[in-house]
Amino acid sequence: MLGYRRFLAIALTAATTALVGIAIHRACEPESRFNPLRLVQRHTSVQTRDDAALLSGWLEKVDNGWEVGKNHQKVKSAFSEAITDARLATVRIFRDGKPVAMGTVVHTSGLILSKASEVTKPGRLSCQFSNRARKTAKVVELRPSHDLALLQVRADDLKPVQWNQGDDPGVGTLLATPSLGREPLAVGVVSLAPQNVANDGVLGIRLRTSRFGAMIIDVVPSSAADKAGLQDGDIVIKVNDQSIQTSDELVEIIGKQLPGDDVRLAVTRDNTNLEITAKLGHRADLDLENSDFQSFLGGDLSVRRTGFPTVLQHDTFLLPQHCGGPIVDLDGRVVGINIARAERIASYALPAKEIQPWIEQYVNDIQEVAQRR
Numbered sequence: 003m004l005g006y007r008r009f010l011a012i013a014l015t016a017a018t019t020a021l022v023g024i025a026i027h028r029a030c031e032p033e034s035r036f037n038p039l040r041l042v043q044r045h046t047s048v049q050t051r052d053d054a055a056l057l058s059g060w061l062e063k064v065d066n067g068w069e070v071g072k073n074h075q076k077v078k079s080a081f082s083e084a085i086t087d088a089r090l091a092t093v094r095i096f097r098d099g100k101p102v103a104m105g106t107v108v109h110t111s112g113l114i115l116s117k118a119s120e121v122t123k124p125g126r127l128s129c130q131f132s133n134r135a136r137k138t139a140k141v142v143e144l145r146p147s148h149d150l151a152l153l154q155v156r157a158d159d160l161k162p163v164q165w166n167q168g169d170d171p172g173v174g175t176l177l178a179t180p181s182l183g184r185e186p187l188a189v190g191v192v193s194l195a196p197q198n199v200a201n202d203g204v205l206g207i208r209l210r211t212s213r214f215g216a217m218i219i220d221v222v223p224s225s226a227a228d229k230a231g232l233q234d235g236d237i238v239i240k241v242n243d244q245s246i247q248t249s250d251e252l253v254e255i256i257g258k259q260l261p262g263d264d265v266r267l268a269v270t271r272d273n274t275n276l277e278i279t280a281k282l283g284h285r286a287d288l289d290l291e292n293s294d295f296q297s298f299l300g301g302d303l304s305v306r307r308t309g310f311p312t313v314l315q316h317d318t319f320l321l322p323q324h325c326g327g328p329i330v331d332l333d334g335r336v337v338g339i340n341i342a343r344a345e346r347i348a349s350y351a352l353p354a355k356e357i358q359p360w361i362e363q364y365v366n367d368i369q370e371v372a373q374r375r
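For the record, in the sequence shown the residue sitting at position 24 is 26 according to this note's numbering, with numbers rising by one throughout.
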């Protein structure tokens with residue numbers, strides 16, 4: 003175990019991001035009031051090896067105080083004021099009694115925004131609010147391009163989130179993910195400017211073009227293709243009922259799909275026609291060494307973690323069931339919602355400006371329909 007911990011510490015130390023010279027001070031606070039966030043200004047790693055190890059369940063006890071980093075209890079408690087309003091608009095979503103996602107109240111009529119791929123699976127949905135009350139919910143609208151879902155609950159006393167109306171937070175901005183309680187679920191830092199995250203659905207095969215179609219010449223072990231039963235020598239002649247003649251055409255069609263999508267393949271094998279359905283995997287999953295290391299760290303990644311038009315990348319440690327809720331800056335402005343845990347030290351949030359127009363359009367459409375009745 004000691005060797006594993008030493009290996010983990012070396013790997014995590016190499017991956018940390020230095021935060022230098024962040025001074026957090028509110029002039030209106032009396033000097034006598036202790037604000038732990040001021041201590042984050044010294045030259046140190048924002049996510050230290052102990053921070054990541056603790057959250058991954060590797061260390062049961064931490065006795066080196068501030069070296070634990072941004073998720074130390076004192077740091078999280080200092081964000082209590084910042085999340086005061088946002089936590090009232092934060093919900094935990096259950097499917098058949100099991101927590102599957104967080105949600106964000108976006109309208110007084112009972113509309114709740116969440117991560118579609120986590121809440122659209124079969125089962126009975128319910129939402130738990132900051133006052134611990136639970137209400138039955140149902141999905142009423144989807145936005146597949148952003149993996150967003152709107153849920154409806156029967157309630158007339160909800161306080162919707164107040165979106166940030168300014169610019170997106172810059173690199174180095176401290177962010178907090180509200181929980182249902184008075185302290186945030188976790189704290190992180192914006193690590194990259196807004197970016198597009200392309201689709202990366204893959205089968206896990208190598209191809210060459212034959213005179214009969216796209217021929218498979220190699221299948222990656224444990225890949226989507228391997229799990230579906232594809233074999234070396236198979237010739238793919240159709241994908242989702244679309245005829246193909248070259249390997250490039252197959253690559254182009256698959257490249258437009260998302261991980262988790264089912265694709266129907268018409269295949270010729272030894273003069274026999276077969277119909278095979280494959281569930282696409284992630285490109286990163288083909289890196290078996292990286293996949294094993296991720297499992298070693300004990301952290302699950304979101305199934306849908308690519309194919310977003312624009313995301314803010316931050317280093318908050320989240321689990322897949324923590325996505326769908328709001329994320330705020332130090333002033334309490336809701337700058338977006340968490341949409342995916344993408345990598346070991348990377349989570350994605352959809353910026354507020356990507357979300358607001360869609361919600362406003364949906365509400366306006368519903369109101370117009372109601373007025374016509």
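C-beta atoms are modelled at their ideal positions from N, C-alpha and C, and glycine is treated no differently. Every value quoted in this text rests on a predicted model; they were computed, and no experiment measured them.
Exclusion of the five residues before and after Lys140 leaves Gln154 as the residues of its chain whose Cβ lies within less than 6 Å of its Cβ.
Judged by their CB atoms, Thr274 and Asp264 are not nearer to each other than the 8 Å cut-off. Taking 3 residues as the minimum length, the beta strand (DSSP E) runs contained wholly in the segment 149 to 228 are 150 to 155, 176 to 179, 188 to 199, 207 to 212 and 215 to 221, in order along the chain.
Less than 8 Å separates the beta-carbon of Ile95 from that of Gly326. Annotation for Gln75: no residue places its beta carbon closer than 6 Å to its own, counting only its chain and skipping 5 residues before and after. Per the Cβ contact rule, the segment 339 to 355 is in contact with the segment 306 to 320 (3 or more Cβ pairs under 8 Å). Secondary structure of Leu303 (DSSP, three-state): coil.
Under the DSSP definition of a beta bridge, Cys129 partners with Ile95 and Lys137. Spatial neighbours of Leu160 in its own chain (CB-CB distance under 7 Å, excluding positions within 5 residues in sequence) are listed in chain order as Val107, Thr110 and Gly112. Residues of the same chain with a CB within less than 8 Å of the CB of Leu127, apart from the 5 flanking positions on each side, are Ile95, Phe96, Arg97, Val121, Thr138, Ala139, Lys140, Val141 and Leu153 in chain order. Nearest to Arg343 by alpha-carbon distance, out of Phe319, Tyr364 and Ile357, is Phe319. In the DSSP annotation of this structure, Asn242 is not part of any alpha helix (DSSP H), being labelled neither H nor E. Judged by beta-carbon spacing, Ala268 lies beyond the 8 Å limit of Pro180, meaning their Cβ atoms are not closer than that value. Within its own chain, the residues whose Cβ lies closer than 7 Å to the Cβ of Arg156, once the five positions on either side in sequence are excluded, are Gly112 and Lys137, listed in chain order. Below 8 Å, enough C-beta pairs join the segment 204 to 212 and the segment 222 to 232 to call them touching: three or more. By the neighbour-count criterion, in which a residue is buried when 16 or more other Cβ atoms sit within 10 angstroms of its Cβ, Gln167 is exposed. Here Ser119 really is in contact with Val305; their C-beta atoms are around 6 Å apart, less than 8 Å. In the structure shown, the three-state DSSP call for Pro322 is helix. Here Pro146 carries a helix assignment [DSSP, helix/strand/coil]. When DSSP states are grouped into helix, strand and coil, Gln75 belongs to the helix group. Between the beta-carbon of Met217 and that of Gly231 there is about 16 Å, and that puts the pair past the 8 Å contact cut. For the pair Pro162 and Ile85, the CB atoms are not nearer than the 8 Å cut-off.
When the alpha-carbon of Leu332 is set against those of Leu176, Val238, Lys240 and Val102, the nearest one is in Leu176. Taking every protein chain shown into account, the CB of Gln259 has 16 or more other CB atoms within 10 angstroms, so this residue is buried. With fewer than 16 other CB atoms across the displayed protein chains lying within 10 angstroms of its CB, Leu194 is exposed. Taking Ser79 as the centre and dropping the five residues before and after it, the same chain places the C-beta of Glu185 closer than 6 Å to its C-beta, in chain order.
For Thr279, the pairing in a beta bridge is given by DSSP as Arg266. Straight across, the Cα-Cα distance linking Val191 with Phe81 is about 13 Å.
Taken atom to atom, the span from the alpha-carbon of Val77 to that of Glu370 is near 46 Å.
In this structure, Ile237 is the residue among Thr92, Arg335, Ser212 and Ile237 with its C-alpha nearest to the C-alpha of Asp272. Here Asn340 is buried: its Cβ has 16 or more other Cβ atoms, across all protein chains shown, within 10 Å.
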